[in-house]
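What the sequence shown shows, in my numbering, is residues 3 to 138, in sequence order.
Backbone N, C-alpha and C define an ideal beta-carbon position, used for all residues, glycine too.
From a predicted model like this one, the values you see are computed outputs, not experimental measurements.
Here the structure comes first, spelled out in structure tokens, and everything after it is commentary.
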Amino acid sequence: MDFRVKQVAPPRDWSAFEDLCLAIFRDEWSDPLALKNGRSGQPQHGVDIYGSPRAVRDMFYGVQCKGKDRGYGAKATVKELNEELAKAERFSPRLEHWIFATTASRDEKLQRAARELSVVRQAQGLFTITALAWED
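What follows is the structure in structure tokens.
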């Protein structure tokens with residue numbers, strides 16, 4: 003059966019979603035040392051997971067994981083994207099790219115905001131951003 007035909011439900015627990023994101027981005031970045039940032043209750047500066055593409059330690063990518071929709075009772079919003087982005091500005095060392103990953107369904111407004119912010123930020127020499135939905 004073609005995987006794309008089957009709809010897989012997001013995890014019911016936000017920490018399981020974080021675990022799933024960690025596994026995905028370790029593979030995507032080819033970085034077996036990508037890690038969760040701190041522990042629950044500690045300031046994370048808008049970054050739940052961080053790692054380096056191709057395990058090159060002179061640059062870092064960050065991921066903010068947000069459990070939304072389907073059982074979480076909330077939607078991902080542009081306002082929340084901006085709030086978490088502002089926190090990610092304080093992550094040290096400075097990020098090269100930041101991902102807002104959510105269990106929410108794909109949303110054109112959120113995607114457009116991420117694209118537009120990314121273009122402006124890149125022109126300013128700041129890290130770029132991507133919004134990923136559950137379908138992604």
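*With distances taken from CA atoms, which of CYS67, LYS111, GLU118 is nearest ASN39?*
The residue you call residue 39 lines up with position 37 of the sequence shown. Ranked by Cα distance from ASN39, the options CYS67, LYS111, GLU118 are led by CYS67.
*Looking at the structure shown, is TRP16 part of a helix, part of a strand, or coil, going by DSSP?*
Residue mapping note: residue 16 aligns to position 14 of the sequence shown, counting from 1. Of the three classes helix, strand and coil, the one that applies to TRP16 here is helix, per DSSP.
*Keeping to the same chain, check which residues put their C-beta closer than 7 Å to that of ALA115; ignore five residues upstream and five downstream.*
Indexing the sequence shown from 1 puts residue 115 at position 113. Result list for ALA115: VAL80, LEU83, in chain order.
*If you drop the 5 nearest sequence neighbours on each side, which residues of the same chain put their C-beta closer than 7 Å to that of GLU86?*
By one-based count along the sequence shown, residue 86 stands at place 84. So the list reads GLY48, GLN66, PHE102, once near-sequence residues are dropped.
*Does DSSP put LYS111 in a helix, in a strand, or in coil?*
Within the sequence shown, numbered from 1, the residue matching residue 111 stands at position 109. Of the three classes helix, strand and coil, the one that applies to LYS111 here is helix, per DSSP.
*What are the boundary residues of the beta strand (DSSP E) that includes VAL65?*
Sequence index remark: in the sequence shown, residue 65 carries index 63 (1-based). First-last of the beta strand (DSSP E) with VAL65: 63-68.
*Local conformation of ALA103 per DSSP, three classes*: Position 101 of the sequence shown holds residue 103. Strand, per DSSP.
*Could you tell me how far apart the beta carbons of ALA106 and ALA78 are, in whole angstroms, since I believe they sit closer than 8 Å?*
To locate residue 106, count along the sequence shown from 1; it is residue 104. To locate residue 78, count along the sequence shown from 1; it is residue 76. Sure, about 4 Å apart at Cβ, within 8 Å.
*asked:* For LEU97, report the span of its alpha helix (DSSP H) as first-last.
replied: Start at 1 with the first residue of the sequence shown, and residue 97 comes out as number 95. Premise fails: LEU97 is in no alpha helix (DSSP H) and is neither H nor E.
_8 Å Cβ cutoff met for TRP31 and PRO13_ = As a working note, residue 31 is residue 29 in the sequence shown. As a working note, residue 13 is residue 11 in the sequence shown. Cβ atoms of TRP31 and PRO13: not closer than 8 Å.
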